[in-house]
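One structure is given below, encoded as structure tokens.
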Amino acid sequence: MVIFNYFNNRDIPFGEHWILFLLYLLLNIIDTLTGFAKARINNQESSSVALIGIIRKMGYWIMILIAFLIPVGFQELGKIISVDLSVTIFLGWFVLASLIINECRSILENLVDAGCKVPQILIKGLETASKNIESIGEENE
């Protein structure tokens, strides 16, 4: 617990919500591993498909970076024109939330394809969460 108290300091690079970025990273790793397992069980192993998946995950991290950098730029512009644009930070959080949900859904799909019995409540719950996040994003457009 001491380590968590240390990282709750706001002066760390990812801020006080660093755990969400760590969660997403762990989900990336779990999704990759369950994808490998699914491919092996179904005799569909392919290094090129695995490479594409890893490159795609790197693209998602770039998307997160951009989603958090854009608000920083808007906030700076807001200071110049005397308009509070701090609400734009929600862009990054919506993107991160959407990607976390998608990783969870992908892990469950991998497990189902590998022959595991996944409770429908997990699948339906993640579908509902995904729809809610998407609807919030559409309302703000």
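Per the numbering used here, the very first residue in the sequence shown carries number 1030; after that it's consecutive. C-beta atoms are modelled at their ideal positions from N, C-alpha and C, and glycine is treated no differently. Note that the structure is predicted; figures quoted are calculated from it, not measured.
- Here residue 1073 carries a coil assignment [DSSP, helix/strand/coil].
- In the structure shown, the three-state DSSP call for residue 1142 is helix.
- In this structure residue 1060 is buried. Its beta-carbon is surrounded by 16 or more other beta-carbon atoms within 10 angstroms.
- With a cutoff of 7 Å on beta-carbon distance, residue 1096 and residue 1124 are scored as near each other.
- By alpha-carbon distance to residue 1089, the top candidate from 1127, 1064, 1160 is 1127.
- By the 16-neighbour rule on beta-carbons within 10 angstroms, residue 1135 is buried.
- In this structure, the beta-carbon distance from residue 1137 to residue 1118 does not fall below 7 Å.
- For residue 1106 against residue 1114, the beta-carbon gap comes to about 7 Å, under 8 Å, which counts as contact.
- Under the criterion of beta carbons closer than 8 Å, residue 1154 and residue 1070 do not qualify as touching, at roughly 25 Å.
- Scanning 1162, 1062, 1072 for the CA closest to the CA of residue 1139 turns up 1062.
- Residue 1072 counts as exposed, since fewer than 16 other C-beta atoms from the protein chains shown sit within 10 angstroms of its C-beta.
- Nearest neighbour of residue 1131 by Cα position, chosen from 1157, 1109, 1098, 1120, turns out to be 1157.
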